[in-house]
Amino acid sequence: MKVIKTENYEEMSLQAAAIIAQLVKDKPDCVLGLATGSTPIGAYKELIRKHREEGLDFSKVQSVNLDEYAGLSPENEQSYRYFMRSNLFDAINIVPENTHVPCGLAEDLDAECLRYEELIAALGGTDIQVLGIGRNGHIGFNEPAEEFIVSTHVTGLDESTIDANKRFFASEDEVPRRALTMGIGAIMSAKTVLLLASGSDKAQAIKDTVTGEVTPRVQASILRFHPNVIVIADKAALSLI
Ligand code: F6R
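Residue 245 is where the sequence shown ends in my numbering, and the numbering goes up by one at each step.
See below:
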C-alpha cells in the first residue's frame with residue numbers, strides 16, 4: 005500500500021483527480037470504478053475543470069459505480085445515479101450509455117446483482133477503483149461482517165452507516181435500509197485501487213485498514229492483499245498512524 009499524506013481535503017482531491025486524469029489520457033477507453041459520498045466530490049469537481057479548461061476527453065470512458073440504494077429510482081435526488089449525474093456525468097462528455105450504476109428499482113434485486121457482476125466482467129474489470137471508506141471501515145456497502153462477500157449482492161446497511169448517511173435525507177427514517185453493492189471480488193480485481201479519506205472521523209478506519217489485522221470486521225483491510233493500492237488521505241484521517 006502506498007500512503008500519500010495531504011494537508012487537507014482540497015489537496016487530497018487534486019492528487020486523486022491527477023491520477024484519474026492521467027489514466028484517462030493514457031488509456032482513453034479505460035473503465036473507471038467510481039464512488040459516491042462526500043469524499044470524491046472534490047476530485048470530481050477537478051475532473052470537470054480539467055474537462056472544461058484542458059479538454060480532458062471522457063468520450064470513450066466507461067464507468068461502473070460501486071453501489072446504489074435499493075428502492076430508489078434514478079430520478080430520486082438521493083439515489084447514487086442522480087448523485088453521479090449531478091456531481092460528474094452531466095458536466096463531462098462521458099456517454100450516458102457508458103455509465104453503469106446498479107438499478108435500485110429492479111424487481112428482482114438478486115438478478116440485478118448477477119447482471120451487474122456479469123457487466124463488470126464483460127468490461128474486463130476496472131482500470132482504477134475509487135473508494136471512500138465508512139467510519140466502520142466499509143468499502144462500497146460491504147459492511148462489517150464475519151466474512152468477505154465476493155460478488156455483487158444485496159446488503160442491509162449498518163446502523164453507523166444509516167447514521168452517517170442520514171445527513172443526505174430529510175430524516176433518518178428515509179434512509180433506505182438496503183443497498184446493492186459491488187462485492188470484494190470486483191473491488192480487488194481493479195488494476196489500481198485509489199482509497200480516499202478525509203477528516204478525523206475516518207482516522208480509526210484508516211488506521212485499522214493500513215496497520216490492523218486483515219479481517220471482515222474491517223472490510224477495507226482486505227486491500228492489504230491488493231498489489232496496487234494508493235491511499236490518499238489528509239492529515240486528520242492519518243492522525244492515528
Ligand atoms: C459510496 C460508498 C461508500 C462511501 C463511504 C464514505 O459509493 O460506496 O462506501 O465511500 O460511506 O462516505 P463519505 O465519503 O460520504 O464519507
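Ideal Cβ placement from N, Cα and C applies to all residues, glycine included.
request  = Count the other C-beta atoms from every protein chain shown that fall within 10 angstroms of the C-beta of D238, then say buried if there are 16 or more, exposed otherwise.
outcome  = By one-based count along the sequence shown, residue 238 stands at place 234. So D238 counts as buried.
ask   = Does the beta carbon of Y13 fall short of 7 Å from some heavy atom of the ligand F6R?
value = Residue 13 sits at position 9 when you count from the first residue of the sequence shown. Checking the Cβ of Y13 against the ligand F6R gives no.
request  = Return yes when at least one heavy atom of the ligand F6R lies under 7 Å from the C-beta of G144, else no.
outcome  = In the sequence shown, residue 144 corresponds to position 140, counting from 1. For the ligand F6R, at least one heavy atom lies less than 7 Å from the Cβ of G144.
message = Within the continuous alpha helix (DSSP H) that includes S202, where are the two ends?
response = Position 198 of the sequence shown, counted from the start, is the residue given in the question as residue 202. Here S202 belongs to no alpha helix (DSSP H), and DSSP marks it neither H nor E.
message = Could you compute how far the alpha carbon of F152 sits from the alpha carbon of V218?
response = What you label residue 152 is simply residue 148 of the sequence shown in a count that begins at 1. What you label residue 218 is simply residue 214 of the sequence shown in a count that begins at 1. About 11 Å.
query = Anyone know if the C-beta pair for Q208 and L244 falls short of 8 Å?
reply = For the purposes of this step, residue 208 is taken as the residue at position 204 of the sequence shown. For the purposes of this step, residue 244 is taken as the residue at position 240 of the sequence shown. Q208 places its beta carbon less than 8 Å from that of L244.
task = Tell me the start and end of each unbroken alpha helix (DSSP H) in the stretch 105 to 137 that is at least 4 residues and wholly inside, in chain order.
result = 113 to 126
key: Delimiting residues of the beta strand (DSSP E) encompassing K9   = Along the sequence shown, read from residue 1 onward, the residue named residue 9 stands at position 5. Here the beta strand (DSSP E) through K9 covers 6 to 10.
ask   = Using a threshold of 7 Å, is the CB atom of Y73 nearer than that to any non-hydrogen atom of the ligand F6R?
value = In the sequence shown, residue 73 corresponds to position 69, counting from 1. For the ligand F6R, not one heavy atom lies less than 7 Å from the Cβ of Y73.
inquiry  = Pull the bridge partners of V233 from the DSSP assignment, please.
reply    = For the purposes of this step, residue 233 is taken as the residue at position 229 of the sequence shown. Note: V233 sits in a beta bridge opposite V197.
query = Is S243 near the ligand GTP, with its Cβ less than 7 Å from a heavy atom?
reply = No copy of the ligand GTP appears in this structure; the ligands present are the ligand F6R.
ask   = Over what stretch of residues does the alpha helix (DSSP H) that includes Q1 continue unbroken?
value = Any answer about residue 1 is impossible in this case: the structure gives the chain only from 5 up to 245.
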